[in-house]
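Per UniProt numbering, the very first residue in the sequence shown carries number 1; after that it's consecutive.
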Amino acid sequence: MFILRKLLKVLLLPVAFVLFFIRWALEASVKLTEWAVGLLTLIVGAAIIYSIVIHRWGDLFLYSLIFAGIMAILMAVVVVQDFCSSMLEKISML
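Structure representation (structure tokens):
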């Protein structure tokens with residue numbers, strides 16, 4: 001059983017490398033673009049408030065979709081990072 005576990009761990013090394021690279025690339029991209037995403041979120045939030053004040057409901061809908069898209073992308077990045085971390089942990093536990 002011990003030999004089979006070690007053999008499986010060796011066979012899963014390329015998978016672990018790919019998972020590690022994906023997690024690293026996502027972390028690096030978030031770190032490099034955090035100021036741009038924050039600024040874009042701030043601008044869209046201000047545009048949403050402005051659209052509410054001047055009663056431009058079509059623009060409000062558009063800005064809300066943009067804001068929801070930004071949040072969905074950020075949530076997807078976090079989910080993929082957590083998935084990669086959990087898979088790497090399970091591979092290392094073998």
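Don't be surprised by glycine CBs; every beta carbon is placed ideally from N, CA and C.
As the structure is a computational prediction, the values presented were derived from the model and not from experiment.
Cβ-based burial, residue i [other Cβ within 10 Å; buried from 16]
| i | result |
| --- | --- |
| Tyr50 | exposed |
| Val10 | exposed |
Residue i - DSSP class collapsed to helix/strand/coil
| i | result |
| --- | --- |
| Leu8 | helix |
Residue i to residue j span [Cα, whole Å]
| i | j | result |
| --- | --- | --- |
| Leu42 | Cys84 | 30 Å |
| Ile73 | Ile3 | 42 Å |
| Met75 | Met1 | 39 Å |
| Ala36 | Met71 | 14 Å |
| Thr33 | Lys90 | 30 Å |
| Val79 | Ala46 | 27 Å |
Bounding residues of the alpha helix (DSSP H) (the contiguous stretch that carries residue i)
| i | result |
| --- | --- |
| residue 165 | The displayed coordinates of the chain run from 1 to 94. Any statement about residue 165 would go beyond what the structure contains. |
| Ile48 | Leu13 to Val53 |
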